[in-house]
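K.L.:
Encoded as structure tokens, here's the structure I'll be asking about.
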Amino acid sequence: MSWNAARPCATRRFRRSGRGGGPRPGGLGLTAAGAVLGLIVAIPGAAGTATAAPAAARSTTPTVSTAAAPDLPVANVKAHLSQLQSIATANGGNQAHGRPGYRASLDYVKGKLDAAGFTTSVQQFTTGGTTGYNLIADWPGGDPNQVLMAGAHLDSVSAGPGINDNGSGSAAVLETALAVARAGAKPAKHLRFGWWGAEELGMRGSQYYVSRLAATERSKFSGYLNFDMVGSPNPGYFVYDDDRAIEAVFKAYYASLNVPTEIETEGDGRSDHAPFKNVGIPVGGLFSGADYTKTAAQAQKWGGTAGQPFDRCYHRSCDTSANINDTALDRNSDAVAHAVWTLGVGTTTPPGGTVFENTDDVQIPDAGAAVTSPVTVSGRTGNAPAALQVGVDIKHSYRGDLAIDLVGPSGQAYRLKNSSGSDSAPNVITTYTVDASAEPADGTWQLRVQDLGPQDTGYIDSWKLTF
């Protein structure tokens, strides 16, 4: 993270501090791995019945479901960090702008991407009288008029090798890109990845890249995702709140892990998302903390040590491969992949499937009893699949209130979503994958939803099972 930009105050914009009746943030909402974005609609005021009538089965031609993001092996991410450490050690102990370690690190990343089938280009710029380099990698395919880009700065300060700042973000983005290649992804959007030079001098590399984009090219960006320090040794879990739709993707992912998040403020304007944001491109990202001090409340919910910095080696010589929290690196790397798959890879068409759907609205009482919506499955032999797709569309003004279960014909409940007091986004519009292989396929399945918090309302819009 750059240290040249002005540091912000500790809070900014709206931050939810209670369950009062004031306004809450809007935006597009997602809820778990494999989620898809949905449009917000107004919640109808008319009352409804507690349970909808069973809907008839609807068989379809191959249906569309969300492609699940892969679980990135943290060992792979750490292997990249080991390589970056070795490169720094062999080149004066750093990967700073204008130093041989930076170009050697860029060549390492480029070699991995070239071998995986990416189209790579090295962009050259000059700052401080010294030549710098950005690396850009494009995956073939996807809508060229909808570009999703993920990036991280590859340079360190001259004081040390910069393995957390920002080898961690660089390695997470690299492994996500390689996962795209391993999956042979055919993304809905065009996927682009970037590794920036001279970020530590004030985001010079990303500024150069953005400044060279024509207005028509800028308009094609659906989003830029930035990852700067994602393996801090005393970690927090911070999510950028610059774009609500992107923010919702990350918050939903952590909610699925029952990991609370906070809005990122320490890095505002200090990393490579800033040049993109300044020209109107939607941005988002993750951060595990730098030299701010972890509070007692943060230590209670995240673990670690209160009263100590999130990264005591920030911009120091001790920012080595020993300066990494494996759990944070693993979670955040998987979150990078989740966001790229959710926002960019989009949907895939499975080889076939029969859909059973209920489209009747079911009102969800505020802080009330659970309600159910049934779907009757017939004409299927044997048990349900081990990867049963459960598509859920719930309109609700504060989805953190909701606990959601799938109830099989046997009466067994499968938890899809826990309630979360920190998830303030609206709506649950997503597809869950459930191992329902112990259930008979035929019978009545139910979606059970309970609102566990006050002051917010909503309804089940529709839900479906895809066999």
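In terms of the numbering used here, the sequence shown has 235 at position 233, counting the first letter as 1, and numbering is strictly consecutive. All C-beta atoms in this analysis are idealised placements derived from N, C-alpha and C, irrespective of residue type, glycine included.
Using the C-alpha atoms, what's the distance from Leu-467 back to Thr-65?
P.N.:
By one-based count along the sequence shown, residue 65 stands at place 63. By one-based count along the sequence shown, residue 467 stands at place 465. With a pLDDT of 31 at Thr-65, under the threshold of 50, the modelled position of this residue cannot be trusted; read the value that follows with caution. Going from the Cα of Thr-65 to the Cα of Leu-467 covers about 11 Å.
K.L.:
Excluding five sequence neighbours on each side, which residues of the same chain lie with their C-beta closer than 6 Å to the C-beta of Ala-90?
P.N.:
Mapped onto the sequence shown, residue 90 falls at position 88. Closer than 6 Å at Cβ, skipping near neighbours: Asn-96, Gln-97, Gly-103, Pro-163.
K.L.:
Distance check for Asp-463 and Ala-44, CA to CA, integer angstroms please.
P.N.:
The residue given as residue 44 occupies position 42 in the sequence shown. The residue given as residue 463 occupies position 461 in the sequence shown. At Ala-44, the pLDDT of 30 sits below 50, so the modelled position is not reliable; the number obtained from the coordinates is stated separately. Roughly 12 Å between the two C-alpha positions.
K.L.:
Alpha carbon to alpha carbon, how far is Asp-363 from Asn-236? Give it in angstroms, no decimals.
P.N.:
The residue you call residue 236 lines up with position 234 of the sequence shown. The residue you call residue 363 lines up with position 361 of the sequence shown. Approximately 46 Å, taken between the alpha carbons.
K.L.:
Evaluate the contact criterion for the stretch 205-216 versus the stretch 261-277: three or more CB pairs, one atom per stretch, below 8 Å.
P.N.:
At 8 Å Cβ cutoff, the stretches touch.
K.L.:
What is the residue span of the beta strand (DSSP E) that Gly-131 lies within?
P.N.:
Position 129 of the sequence shown, counted from the first residue, corresponds to residue 131. Note, Gly-131: premise wrong, no beta strand (DSSP E); not H, not E.
K.L.:
Based on the DSSP secondary-structure assignment, which residues constitute the bridge partners of Tyr-211?
P.N.:
Translated into the one-based positions of the sequence shown, residue 211 becomes position 209. Looking at the DSSP assignment, Tyr-211 forms no beta bridge with any residue, so it has no partner.
K.L.:
Comparing C-alpha positions only, which one of Gly-445, Cys-315, Thr-329, Gly-348 sits nearest to Val-377?
P.N.:
Counted from its first residue, the sequence shown places residue 377 at position 375. Of the listed residues, the one whose Cα sits closest to Val-377 is Gly-445.
K.L.:
What's the gap between the Cα of Asp-458 and the Cα of Arg-318?
P.N.:
Taking the first residue of the sequence shown as 1, we reach residue 458 at position 456. Taking the first residue of the sequence shown as 1, we reach residue 318 at position 316. Between Asp-458 and Arg-318, the C-alpha separation is close to 47 Å.
K.L.:
Ile-283 to Met-151, Cα distance in whole Å?
P.N.:
For the purposes of this step, residue 283 is identified with residue 281 of the sequence shown, where counting begins at 1. For the purposes of this step, residue 151 is identified with residue 149 of the sequence shown, where counting begins at 1. Looking at the two C-alpha atoms, the distance is approximately 11 Å.
K.L.:
Taking only runs that begin and end inside the stretch 268-307, name each unbroken alpha helix (DSSP H) of 4 or more residues, in chain order.
P.N.:
Listed in chain order, they are 275-280, 298-304.
K.L.:
Can you tell which of Ile-248, Ala-247, Val-149, Pro-311 has the C-alpha that lies nearest to the C-alpha of Glu-268?
P.N.:
Position 266 of the sequence shown holds residue 268. Among Ile-248, Ala-247, Val-149, Pro-311, the Cα nearest to that of Glu-268 is on Pro-311.
K.L.:
Given 8 Å as the limit, is there contact between the stretch 432-447 and the stretch 381-388, that is, 3 or more CB pairs closer than that?
P.N.:
Verdict: yes, contact present.
K.L.:
List the endpoints of the continuous alpha helix (DSSP H) containing Phe-252.
P.N.:
For the purposes of this step, residue 252 is identified with residue 250 of the sequence shown, where counting begins at 1. It spans 246-258 - the alpha helix (DSSP H) in which Phe-252 sits, taken as one unbroken run.
K.L.:
What are the residues that DSSP puts in a beta bridge with Met-151?
P.N.:
As a position in the sequence shown, residue 151 is number 149, starting the count at 1. Beta-bridge pairing links Met-151 to Arg-194, Tyr-226.
K.L.:
For a test of the three-state rule: what should DSSP assign to Trp-343, helix, strand or coil?
P.N.:
Mapped onto the sequence shown, residue 343 falls at position 341. Helix.
K.L.:
Closer than 6 Å by C-beta to Leu-390: which residues in its own chain qualify, once you throw out the five before and the five after it? Chain order, please.
P.N.:
Locating residue 390 in the sequence shown gives position 388, where the first residue counts as 1. Same-chain partners within the cutoff: Val-436, Ala-438.
K.L.:
In this structure, how does DSSP classify Ala-405 when only helix, strand and coil are distinguished?
P.N.:
Your numbering for residue 405 matches position 403 in the sequence shown. DSSP places Ala-405 in strand when its eight states are reduced to three.
K.L.:
Buried or exposed for Leu-408, going by 16 or more other Cβ atoms inside 10 Å?
P.N.:
Taking the sequence shown and counting its residues from 1, the one referred to as residue 408 is at position 406. Buried: at least 16 other Cβ atoms inside 10 Å.
K.L.:
Contact check, Gly-286 vs Asp-245 under 8 Å by CB: the rounded distance?
P.N.:
Residue 286 sits at position 284 when you count from the first residue of the sequence shown. Residue 245 sits at position 243 when you count from the first residue of the sequence shown. Contact holds; Cβ gap of about 5 Å.
K.L.:
Is it a yes or a no for the stretch 326-342 touching the stretch 421-432, going by three-plus beta-carbon pairs under 8 Å?
P.N.:
They do not touch, by the three-pair rule.
K.L.:
Verify whether the separation of the beta carbon atoms of Ser-323 and Ser-158 is less than 9 Å.
P.N.:
What you label residue 323 is simply residue 321 of the sequence shown in a count that begins at 1. What you label residue 158 is simply residue 156 of the sequence shown in a count that begins at 1. No.
K.L.:
I need the DSSP call for Gly-309, collapsed to helix, strand or coil.
P.N.:
On the sequence shown, residue 309 is found 307 positions in, with the first residue counted as 1. Coil at Gly-309, not helix or strand.
K.L.:
Between Val-76 and Leu-331, which are expected to be in contact by the criterion C-beta below 8 Å, what is the C-beta distance as a whole number of angstroms?
P.N.:
Working through the sequence shown from its first residue, we reach residue 76 at position 74. Working through the sequence shown from its first residue, we reach residue 331 at position 329. The Cβ separation is near 6 Å, so the contact holds.
K.L.:
Applying the 10 Å Cβ sphere with the 16-neighbour rule, what's the burial state of Thr-121?
P.N.:
One-based indexing of the sequence shown puts residue 121 at position 119. Its Cβ having fewer than 16 others within 10 Å, Thr-121 is exposed.
K.L.:
Quick test of your reading: Ser-234 and Ser-290, contact by CB under 8 Å. State the CB separation rounded to the nearest angstrom.
P.N.:
Position 232 of the sequence shown holds residue 234. Position 288 of the sequence shown holds residue 290. Yes, Ser-234 and Ser-290 are in contact; Cβ-Cβ is about 4 Å, under 8 Å.
K.L.:
Along the chain, where does the beta strand (DSSP E) containing Glu-441 start, and where does it finish?
P.N.:
In the sequence shown, counting from the first residue as 1, residue 441 sits at position 439. Element bounds for Glu-441: n/a, residue is neither H nor E.
K.L.:
Taking the beta carbon of Gly-305 as the centre, do at least 16 other beta carbons fall within 10 Å, making it buried, or is it exposed?
P.N.:
Looking up residue 305 in the sequence shown gives position 303. Exposed, because fewer than 16 other Cβ atoms sit within 10 Å of the Cβ of Gly-305.
K.L.:
Nearest CA to the CA of Thr-263: which residue from Val-338, Lys-303, Asp-403?
P.N.:
Your numbering for residue 263 matches position 261 in the sequence shown. Comparing Cα positions, the closest option is Lys-303.
K.L.:
Would you check if the stretch 134-147 and the stretch 188-208 touch, i.e. whether three or more CB-CB distances between them fall below 8 Å?
P.N.:
As far as the Cβ criterion goes, the stretch 188-208 touches the stretch 134-147, which means the pair count is three or higher.
K.L.:
Considering only their Cβ atoms, is the gap separating Phe-195 from Val-175 smaller than 9 Å?
P.N.:
As a first step, residue 175 is located in the sequence shown; it is residue number 173 there, counting from the start. As a first step, residue 195 is located in the sequence shown; it is residue number 193 there, counting from the start. Yes, Cβ-Cβ distance for Val-175 and Phe-195 is below 9 Å.
K.L.:
Assign Ala-295 to buried or exposed, taking buried as 16 or more other Cβ atoms, counted over all protein chains shown, within 10 Å of its Cβ.
P.N.:
Residue numbering aside, residue 295 sits at position 293 when the sequence shown is read from its first letter. Before going on, a small fix: residue 295 reads as Thr here, not Ala. Classification of Thr-295: exposed, given that the 10 Å Cβ count is below 16.
K.L.:
Which residues bound the beta strand (DSSP E) around Leu-390?
P.N.:
In the sequence shown, residue 390 corresponds to position 388, counting from 1. Start and end: 390-398.
K.L.:
Let me check understanding here. Comparing Cα to Cα, which of Met-3, Phe-469, Trp-465 lies closest to Val-232?
P.N.:
Your numbering for residue 232 matches position 230 in the sequence shown. Among Met-3, Phe-469, Trp-465, the Cα nearest to that of Val-232 is on Met-3.
K.L.:
Under three-state DSSP, which class holds Ala-415?
P.N.:
For the purposes of this step, residue 415 is identified with residue 413 of the sequence shown, where counting begins at 1. Here Ala-415 sits in strand by DSSP.
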